[in-house]
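> Read left to right, the sequence shown gives residues 420 to 884 (the working numbering). First the structure, which I've put down as structure tokens, then a few questions once you've had a look.
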Amino acid sequence: MTHSHPLSHLPHAADSRDAGAALEAGFSDLHPPLTSRQAIIESQRCLYCYDAPCIQACPSDIDIPRFIREISEDNINGAAQTILEQNILGGSCARVCPTEILCEQSCVRNHHEECQPVLIGLLQRHAIDHMDFDGHPFTRAADTGKHIAVVGAGPAGLSCAHRLATHGHRVTIFEAEPKPGGLNEYGIARYKLTDDYAQQEIDFLLEIGGIEIRHGQRLGDNLTLEALQAEHDAVFLGLGLGASRRLGLTGEEASGVATPGLMPATEYIRELRQVSDLGELPLARRCVVIGAGNTAIDMAVQMARLGADDVTLVYRRGVEAMSATGHEQDIARANGVRIVTWATPDEILLDDQGRVAGMRFARTQEQDGRLVNTGETLELAADAVFTAIGQTFAADSLSDTRAARLEPEGDRIHVDGQLRTSLPGVYAGGDCVAPGQDLTVQAVQHGKLAAQAIHQDLMARQEVA
């Protein structure tokens with residue numbers, strides 16, 4: 420850790436009550452996988468509905484009753500193929516997808532006596548984890564001579580590249596980070612994707628061939644959209660959301676350097692996912708997490724599991740308005756995280772050395788649908804404050820003259836129903852486009868649909884020519 424690290428003044432996690440082995444145990448699988456016997460029994464609870472509502476609720480259109488029936492018939496490879504045909508990142512989605520508000524929420528079993536949905540996420544994971552193909556289950560079509568640039572090796576870019584490869588196109592992925600995977604590699608709680616799973620899944624995806632990944636390539640820095648278009652037949656932008664929203668308070672940054680003890684949750688989670696020894700991580704004994712989404716929950720739970728004494732998550736509205744699912748909130752409470760609602764950041768409290776000592780919040784309430792301050796305040800002592808108030812588009816990635824002509828929608832890129840941008844030959848998907856749920860499974864679907872549109876547009880152009 421360098422001294423410029425905003426948390427370098429804190430003790431290491433291993434200095435806490437929990438040492439090495441106990442720390443690792445806290446970051447093992449959140450939900451243990453099903454055994455083969457459990458998977459067979461669970462799969463037989465499925466009613467294999469004709470017009471299955473679970474399929475309607477799946478953003479990636481997986482034929483859920485079909486793959487569950489295949490599990491019940493002990494056809495694991497068939498089940499895996501059914502899943503991967505629609506969602507090539509089906510293994511990570513089975514682990515990180517909020518199934519409790521998607522497929523499992525719409526399961527008709529919820530209305531039966533047992534009021535318990537079929538455990539679709541765990542069954543999906545079972546199929547992918549136990550598949551055993553002789554070769555790669557997907558084959559690449561004959562080479563079309565077309566070459567497509569994909570910017571970003573996150574779920575959207577990877578999904579797009581794989582689908583394009585099945586059609587016989589060559590794909591080069593341009594990725595800014597040293598590893599592919601996007602949020603799956605850098606942004607998901609460590610206990611949700613364990614054992615370097617994100618990289619294993621990508622290795623499997625790349626086995627189809629025809630896909631090259633170039634690292635250290637950042638649009639708006641050493642890469643321009645104009646150059647990409649000149650050298651490729653089409654471009655797909657899977658840029659994600661690269662910047663963290665700021666609180667906009669004084670004391671957030673002192674002379675251009677981050678205030679010691681204050682950092683975006685995503686930056687800490689990134690380090691947590693990359694470090695080999697959890698004991699090396701700086702640990703706040705008392706920490707405050709500001710936000711209401713899954714990143715806020717991930718951050719709070721991981722701090723508790725690293726050994727923090729006191730973890731408080733603070734949100735400006737009520738529990739029912741939190742974007743984190745009820746299931747995620749339950750995980751937080753089970754890990755001793757205190758959730759404080761109706762409080763908005765007012766002032767960062769610093770000690771005499773300019774480090775975070777706590778946070779003052781203004782108490783809030785709703786009046787005529789608007790959030791207003793009540794005039795009361797709340798102070799929480801803290802060694803560290805983590806912000807998880809949302810990611811925003813890194814505008815500098817669209818700074819070159821061609822990219823600057825992309826039509827925006829809010830702070831994202833505007834696309835049509837086929838994920839085409841306003842520039843011919845340029846497509847976009849995932850978190851960087853407007854109509855989104857910021858879900859991994861949604862990004863995978865965008866990549867897949869964009870690949871279909873790219874393929875159709877290129878083939879149509881070829882026929883005209």
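Yeah, the Cβ is synthetic: ideal placement off N, Cα and C, and Gly gets one too.
With DSSP run on the structure shown, which of helix, strand or coil describes CYS706?
strand
> Which of helix, strand or coil does DSSP assign to ARG665?
coil
> Taking three-plus beta-carbon pairs below 8 Å as touching, is the segment 538-546 in contact with the segment 655-669?
No: fewer than three Cβ pairs fall under 8 Å.
> If you pair each beta-carbon of the segment 481-488 with each one of the segment 844-852, do three or more pairs fall below 8 Å?
No, they do not touch.
> Would you identify the three-state DSSP class for VAL738, choosing helix, strand or coil?
helix
> Indicate whether ALA568 and LEU647 have their beta-carbon atoms separated by less than 7 Å.
Closer than 7 Å, so yes.
> Does the pairing of the segment 727-744 with the segment 699-715 give three or more beta-carbon distances under 8 Å?
yes
> Looking only at its own chain, which residues have a Cβ that is under 8 Å from the Cβ of ALA872, when we skip the five neighbours before and after it?
For ALA872, where only same-chain residues beyond five positions count, the Cβ hits under 8 Å are GLN837, LEU838, ARG839 and TYR846.
> Relative to the C-alpha of PRO679, which residue among MET718, ASP771, GLU826 and LEU868 is closest?
ASP771
> Apart from the five residues just before and just after LYS565, which ones in its own chain have a Cβ nearer than 6 Å to its Cβ?
HIS588, ASP652 and LEU877
> Classify THR793: buried if its beta carbon has 16 or more other beta carbons within 10 angstroms, exposed otherwise.
exposed
> Determine which residues share a DSSP beta bridge with LEU732 and list them.
VAL708 and ILE758
> Just confirm the distance between the C-beta atoms of ALA617 and GLY600, as a whole number of angstroms; I'd bet it's less than 8 Å.
4 Å
> Could you compute how far the alpha carbon of THR796 sits from the alpha carbon of ASP622?
51 Å
> Do you know offhand how far HIS874's Cα is from VAL694's?
40 Å
> Give the DSSP-derived three-state secondary structure of GLN772 in the structure shown.
coil
> Apart from the five residues on each side of it in sequence, which residues of its chain come closer than 6 Å, Cβ to Cβ, to VAL863?
SER479, ASN506, LEU508, PRO574 and SER578
> Note down the Cα distance separating SER491 from CYS534, rounded to an integer number of angstroms.
21 Å
> Checking 7 Å against the spacing of the C-beta atoms, do CYS512 and THR859 come in under that value?
yes
> Output the distance between the C-alpha atoms of GLY675 and GLN636, rounded to the nearest integer angstrom.
A caution first: GLY675 carries a pLDDT of 46, below 50, which makes its placement in the model unreliable, though a value can still be read off. About 26 Å.
> Can you tell me the Cα-Cα spacing of GLY576 and ASP562, whole angstroms?
20 Å
> Does the beta-carbon of GLY737 have 16 or more other beta-carbons within 10 angstroms, so that it is buried, or is it exposed?
exposed
> Out of GLN524, LEU466, ARG665 and ASP640, point me to the one whose CA is closest to LEU681's CA.
ARG665
> Can you give me the C-alpha to C-alpha distance between ILE520 and ASN754, rounded to a whole angstrom?
21 Å
> The alpha helix (DSSP H) with ILE460 in it runs from where to where?
455-462
> Would you report the Cα separation of PRO430 and GLU699, rounded to the nearest angstrom?
Each residue's alpha carbon lies about 9 Å from the other.
> Name the DSSP beta bridge partners of GLN784, please?
VAL791
> Across which residues does DSSP place GLN810 in a beta bridge pair?
SER663
> Using a threshold of 6 Å, is the CB atom of GLN810 nearer than that to any non-hydrogen atom of the ligand ATP?
Among the ligands in the structure shown, none appear at all, so the ligand ATP cannot be discussed.
> Can you give the beta carbon distance from VAL756 to LEU732, rounded, assuming they're within the 8 Å contact cut?
6 Å
> If distances are taken between C-alpha atoms only, which option among ARG782, THR685 and ARG774 comes closest to ALA807?
THR685
> Enumerated in chain order, which unbroken segments of the alpha helix (DSSP H) with a length of 4 residues or greater are wholly contained in the segment 675-704?
Those alpha helix (DSSP H) runs which fall completely within the segment 675-704 and span 4+ residues are 684-693.
> Could you give the distance in angstroms between the alpha-carbon of ILE502 and the alpha-carbon of GLU747?
25 Å
> Can you tell me whether PHE623 is helix, strand or coil according to DSSP?
Here DSSP, grouped into helix, strand and coil, assigns PHE623 to helix.
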